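Student:
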Amino acid sequence: MIRSNSGIRKTDVINRRMFIIGAAKVVVFVGIVARLFSLQINENKKYLTLSDKNRIREWKLPPTRGNIVDYFGNIIAGNLKVYQLHIIPEQVENFNYLLVRLRNLLNLSDKRIARINKLKAELKPWDSIIVSENLSWSQFVKINNYLYDLVGVKPVMTISRNYPFNDVYTHVLGYVSQPNEEEILENEIIQERFVPGMKIGKLGLEKRLENHLIGTNAIQRYEVNAYGKRINQLEHQKGEQGSKIRLTVDTEIQKACGKLLNEKAGSISVMDIYTGDIIAMYSSPSYNPNLFLFGISQDEWQLIRNNPLKPLINKTLSGLYSPGSTIKPIVALSALENKVIDTKFKVKCTGKMELYGQTFHCWKEKGHGWVSLKNAMKQSCDTYFYEVARLLGVDRLNITAEKFGLGKKVLGDYFDNEKKGLFPNTKWKKNNLGKGWVLGETLITGIGQGYIQSTPLQLCMMTAQIANGGFALKPKIIVDSNPISYEDAKQSMESGLLFDTDSEELLDKKLFKNQRNIKIVQEAMFASTNERFGTSYKSRIDDPKYQFAGKTGTAQVKRISKRERELDLELEQIPYKDRDHALYVAYGPYVNPRYALSIIVEHGGSGSKAAAPIAKKLFKLIIDRHDLRNKQSNFERITV
Amino acid sequence: MFQHDRLSNEITLFQKIKNLDYILLISVILLSVLSVFVMYSTDGGEILFHTKNHFVKLAVFFPLMIFVAFFNIKFWHNFSYIIYLIVILLLIYVSFFGIKSSGSQRWMDLYLFVLQPSELMKVAIIMCLAKYFHRIKIENVNSFTSITIVLSIIIIPIIFVISQPDLGTSILIALSGLIILWLAGMKIKYFIYSFITFLISLPFIISFLKPYQKLRILTFLDPDRDPLGAGYQIIQSKIAIGSGGLNGKGFLKGTQSYLDFLPEKHTDFIFTLFSEEFGFIGSVGLLILYSIIIFRIIRIGSISRSNFARLFCFGYAFAIFIYIVVNLSMVLGLLPIVGSPLPIMSYGGSSMLATMIGFGIVLSAKINHKQMIA
Chain A
1 MIRSNSGIRK TDVINRRMFI IGAAKVVVFV GIVARLFSLQ INENKKYLTL SDKNRIREWK
61 LPPTRGNIVD YFGNIIAGNL KVYQLHIIPE QVENFNYLLV RLRNLLNLSD KRIARINKLK
121 AELKPWDSII VSENLSWSQF VKINNYLYDL VGVKPVMTIS RNYPFNDVYT HVLGYVSQPN
181 EEEILENEII QERFVPGMKI GKLGLEKRLE NHLIGTNAIQ RYEVNAYGKR INQLEHQKGE
241 QGSKIRLTVD TEIQKACGKL LNEKAGSISV MDIYTGDIIA MYSSPSYNPN LFLFGISQDE
301 WQLIRNNPLK PLINKTLSGL YSPGSTIKPI VALSALENKV IDTKFKVKCT GKMELYGQTF
361 HCWKEKGHGW VSLKNAMKQS CDTYFYEVAR LLGVDRLNIT AEKFGLGKKV LGDYFDNEKK
421 GLFPNTKWKK NNLGKGWVLG ETLITGIGQG YIQSTPLQLC MMTAQIANGG FALKPKIIVD
481 SNPISYEDAK QSMESGLLFD TDSEELLDKK LFKNQRNIKI VQEAMFASTN ERFGTSYKSR
541 IDDPKYQFAG KTGTAQVKRI SKRERELDLE LEQIPYKDRD HALYVAYGPY VNPRYALSII
601 VEHGGSGSKA AAPIAKKLFK LIIDRHDLRN KQSNFERITV
Chain B
1001 MFQHDRLSNE ITLFQKIKNL DYILLISVIL LSVLSVFVMY STDGGEILFH TKNHFVKLAV
1061 FFPLMIFVAF FNIKFWHNFS YIIYLIVILL LIYVSFFGIK SSGSQRWMDL YLFVLQPSEL
1121 MKVAIIMCLA KYFHRIKIEN VNSFTSITIV LSIIIIPIIF VISQPDLGTS ILIALSGLII
1181 LWLAGMKIKY FIYSFITFLI SLPFIISFLK PYQKLRILTF LDPDRDPLGA GYQIIQSKIA
1241 IGSGGLNGKG FLKGTQSYLD FLPEKHTDFI FTLFSEEFGF IGSVGLLILY SIIIFRIIRI
1301 GSISRSNFAR LFCFGYAFAI FIYIVVNLSM VLGLLPIVGS PLPIMSYGGS SMLATMIGFG
1361 IVLSAKINHK QMIA
């Protein structure tokens, strides 16, 4: 058969058209290869990153907080292993059965069960639900015994903050708890390291030193699938525990303070008069910060909140009290410094003093007769100090008082609840109350009543600065990077200069014009405690090793009416709220003094009866621990 | 010459085997082996459902290809119209009694496996049109009657397929049909006119698209407008391919597929997995393998004496080419997502069946390339 013309022509057409198509195919394939090249070679890095972003997910674990230790290295805020119980819903065969079993084993409340069910609905089936944050050891053992029957349950060991001394340091350390949204947003470091279940400092040093204590997250990198389920762990990066913080406090003394103020409202502060180290700072009553770790129960919270003795208030720093007679050493010193009086200056006390028709009473109705400075201080004669204050004037008194730290914060911004108190002068009254100063107000300021308000720690520092010979102190509660030893501090003071740890310079920190005046005041305070008729004579210690000097104070919380004065009621007959605050400031040992303290017992009555006896008990311990403290010379350098 | 032709009519089995195109055959075998390994990777490195089924299908359809090849090309020419009609009937059957799955009705249950007749239509339409143009005179190609007839041949199956609905397959059927028209010598101006008409009526066509189809076009234009929804597939596909780099992540080490970020990785997105694991070099290698297959089919067409065989081979080569281009363009983000499998590589029985039958007919053309068809 011979092919037709038409057939040949047709074949030619087909071949020609095929050639065109073939060329087009080559172009298209080249285009596809170009696209592949651009994706896989040019943009490879970009897509590799995207692919890793897809598959790698990081899990941050809560960081471990740094320990806080006392001066002797005892941990006062540490970390504890806690046992937790998690459920992984996807592994559970019968969720309701499991809940019934757990409810029986752990005595879970209905509320808790409801919460678990809610969490189960919210979370992905492979995310663990925390059933119990803090299992007791016995519960943990029980769970482990029944584990064969509790499919999908995972006992987990984790780390939690722990305060081994419970309520002893609450007002110093504060406590940690879960942060709220505001707290997370406020602090960049917290924001960066936050993971659910993490706890942050809510109060006290735990809050102030958050950025040092917090530590870094451990990070676990997992490969995840498209649904977010973990497939395998790629990496575990260990976190670093937060910095260790060493405080100046002595746990033994702090504990003793707690015992001495047991069931009373009040505060005790103890300070090293040369280094400014705070040895103890106790506010009573306290509460147990461990309660807040896993969420405090409503009942426990109400118990603390509604306690009439107000455990939530840090009385050492935020409690404002009239200093009462404890101000008298400053009044005396100010008068001596301003040469208003000398040691021979005498006033006749008749039990009261009349001024512009107003009567100012001495605590002793019969009067003290003719009294000099020493006797006036010893017996706390009010009339003498009315007269001295009148002669001195409030403005000159104010200058001396502020020099000694009244009306100013003692610890600066370490505690945001610290109050600065108030020491009035004429200008202050004009500016704040819009009225002129009245001389009668000067008189009552002279005995520590009226507008004057001070914190217990201020009174302690005031006493310390009298005790060290009249040199300015910088109280501190954290052992800093450049600690100065007791001897060095004392020596530099005795040379009239003081080593300032901030500027690292020797500065003149004399608070007096004539050191003789300090000595006079010291002697008067010694007499008050160690000589007959002294207001705290009953609380003296004769052994020179422990012998201390002090000044009592009894601060009125309300005006005493004429009738009440005549009645002269016993303490128990007065309603608690109306009873006087009892105060005592002291330092010791009298020869070579080392420590100063201030004691306040709210509504305790008179300072000599309620506050001074506490000092007697405390001083023995404080002095006995001095050598131990001195030996603790292996200063750990911690930068804060 | 006359005698020779007669001899070739009575070609022996031995000669048939000898006349098979071994380059094409080896290429198809290579592709098949590769596809089993890739399927094994989609199963996460285990021999699971997809790997097993894919292997079984290859084991059945590859011999079927040889079986098809052993029939004389004349036989396929003679039965072209009937095959076309049977597939049309199957399409009609499916449109009434087909199995529904994820919103479309395009399958029929054959007990042993589920058949998608529209896949068979991809080959049948080429056979049908090749026969039609083989038979008419060159002068009549552009006559009104023939244009009407061939357009009907193309449009009838498309109506059924598009109503399933299956836009991807209908486009592929249309393109396969149109290429025969082109090859047969239909006037170029007709193609230009209809292309212009198509462009003008495009907004009108779009308004007829289903919402999900419109969404696909929008997603194609800007995949990032809904990265977790409509744009997810294409974004993840590009990440997988791009992260493959020059050498790929290694066999069974494609994280995008292993961790389930890749959708449809067994079927339409199989190239994505391949490209992630074997990289640019592997992808170009695969393209070269496909190019060899296409080239061999064209070569067989050009040595064929009959215009039926020639048209079928050229047409089928183009069809294979277009399947590859549409699939790759889709996973590379050059075209909107339309369902279109990658020949042999993708999981799917009907597509493989059709492809293998096509190869069988091509091989038959090779064996009988000297065969004239009246």
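The listed protein sequences derive, respectively, from chains A and B. Using the working numbering, you'd call the opening residue of the first sequence number 1 and step up by one each time. Using the working numbering, you'd call the opening residue of the second sequence number 1001 and step up by one each time. Even for Gly, the Cβ is constructed at its ideal location relative to N, Cα and C. Since we're looking at a predicted model, the values are computed, not measured.
What residue ranges within the segment 106-181 of chain A form continuous beta strand (DSSP E) runs of no fewer than 3 residues, ordered along the chain?
Tutor: Correct list: 129-135, 153-162.
Student: Less than 8 Å between the C-beta atoms of Leu-1024/B and Ile-1293/B, yes or no?
Tutor: yes
Student: Would you kindly check if the distance between the Cβ of Glu-1277/B and the Cβ of Phe-1251/B is under 8 Å?
Tutor: yes
Student: Within a Cβ cutoff of 6 Å, which residues of the same chain sit near Asn-314/A, ignoring the five residues on either side of it in sequence?
Tutor: His-171, Ser-283, Asn-417
Student: Of all the CB atoms in chain B, is at least one closer than 8 Å to the CB of Tyr-222/A?
Tutor: no
Student: Answer yes or no: do Pro-285/A and Asn-306/A have a C-beta to C-beta separation smaller than 8 Å?
Tutor: no
Student: Just the Cα atoms here: how many angstroms apart are Glu-182/A and Val-131/A?
Tutor: Whole-angstrom Cα-Cα distance: 26 Å.
Student: Does the CB of Ile-14/A have a neighbour CB from chain B at under 8 Å?
Tutor: yes
Student: Quick one: residues in its chain with C-beta nearer than 7 Å to the C-beta of Ile-1281/B, no 5 flanking neighbours on either side, listed in chain order?
Tutor: Leu-1246, Asn-1247
Student: Just curious, the beta strand (DSSP E) that Gln-1116/B is in, first and last residue?
Tutor: Note, Gln-1116/B: premise wrong, no beta strand (DSSP E); not H, not E.
Student: Give the straight-line distance between the Cα atoms of Thr-263/A and Lys-310/A, rounded to the nearest whole angstrom.
Tutor: This sequence places Glu at residue 263/A; Thr is not what is there. Computed Cα separation, rounded: 11 Å.
Student: Kindly give me the distance between the Cβ atoms of Trp-370/A and Lys-352/A, rounded to whole angstroms, as I take these residues to be in contact under 8 Å.
Tutor: The C-beta distance from Trp-370/A to Lys-352/A rounds to 16 Å, too long to meet the 8 Å contact threshold.
Student: Tell me, to the nearest whole angstrom, how far the beta carbon of Ala-596/A is from that of Met-271/A; I am working on the premise that it is less than 8 Å.
Tutor: 5 Å
Student: Does Phe-40/A get closer than 8 Å to chain B when you measure Cβ to Cβ?
Tutor: The question names Phe, yet the displayed sequence has Gln at residue 40/A. Residue contact check for Gln-40/A against chain B: a CB pair falls below 8 Å.
Student: Answer with yes or no whether the minimum CB distance from Asn-44/A to chain B is below 8 Å.
Tutor: yes
Student: Could you check which residue in Tyr-386/A, Ala-389/A, Lys-53/A has the C-alpha nearest to that of Gly-228/A?
Tutor: Lys-53/A
Student: Using beta carbons (cut-off 8 Å, strictly below), is Ile-21/A in contact with chain B?
Tutor: yes
Student: Would you identify the three-state DSSP class for Leu-1175/B, choosing helix, strand or coil?
Tutor: helix
Student: Of the residues that make up the segment 1047-1080 of chain B, which ones have a beta carbon closer than 8 Å to any beta carbon in chain A?
Tutor: none
Student: Verify the CB distance criterion: does Val-1362/B have a CB-CB separation below 8 Å to chain A?
Tutor: It does not; no Cβ of chain A falls within 8 Å.
Student: Return the residue from the list Leu-1172/B, Gly-1168/B, Glu-1139/B, Cys-1128/B that minimises the CA-CA distance to Ile-1153/B.
Tutor: Cys-1128/B
Student: Step through the CB atoms of chain B and report whether any lies within less than 8 Å of the CB of Val-28/A.
Tutor: yes
Student: When you compare the segment 1357-1372 of chain B with the segment 1300-1320 of chain B, are there three or more beta-carbon pairs, one atom per stretch, that lie closer than 8 Å?
Tutor: yes
Student: For a contact meaning CB atoms closer than 8 Å, what does Arg-57/A contact in chain B?
Tutor: Chain B residues near Arg-57/A: none, gap ~11 Å exceeds 8 Å.
Student: 8 Å is my cut-off, CB to CB: does Gly-1279/B come that close to chain A?
Tutor: yes
Student: Counting contacts by CB-CB distance shorter than 8 Å, is Phe-1308/B in contact with chain A?
Tutor: Interface annotation, Phe-1308/B: not in contact with chain A, CB-CB separation never under 8 Å.
Student: Just checking: is the beta-carbon of Ala-34/A within a distance shorter than 8 Å of some beta-carbon in chain B?
Tutor: no
Student: May I have the straight-line CA-CA distance separating Pro-575/A from Ala-610/A, to the nearest angstrom?
Tutor: 16 Å
Student: With a CB to CB cut of under 8 Å and the five nearest residues on each side skipped, what residues in its chain are close to Leu-439/A?
Tutor: Leu-355, Tyr-356, Arg-390
Student: In three-state terms, what does DSSP make of Met-1001/B?
Tutor: Because the pLDDT of Met-1001/B is 38, which lies under 50, any placement of that residue in the model is unreliable, and the number read from its coordinates should be weighed accordingly. DSSP places Met-1001/B in coil when its eight states are reduced to three.
Student: Just how far apart, CA to CA, sit Gly-496/A and Leu-511/A?
Tutor: 10 Å
Student: When you check each C-beta in the segment 1232-1256 of chain B against every C-beta of chain A, which residues fall closer than 8 Å?
Tutor: Gln-1236, Lys-1238, Ile-1239, Ala-1240, Ile-1241, Gly-1242, Ser-1243, Gly-1244, Gly-1245, Leu-1246, Thr-1255, Gln-1256
Student: What three-state label does DSSP hand Cys-349/A in the structure shown?
Tutor: strand
Student: Once you ignore the five residues that flank Ile-330/A on each side, which residues in its own chain have a CB closer than 7 Å to its CB?
Tutor: Thr-400, Ala-401, Phe-404, Met-462
Student: Who are the neighbours of Lys-124/A on chain B, taking C-beta pairs under 9 Å?
Tutor: None at all; the shortest Cβ gap to chain B is about 15 Å.
Student: For chain B, find out if any of its Cβ atoms is closer than 8 Å to the Cβ of Asn-225/A; answer yes or no.
Tutor: A Cβ of chain B is located within less than 8 Å of the beta carbon of Asn-225/A.
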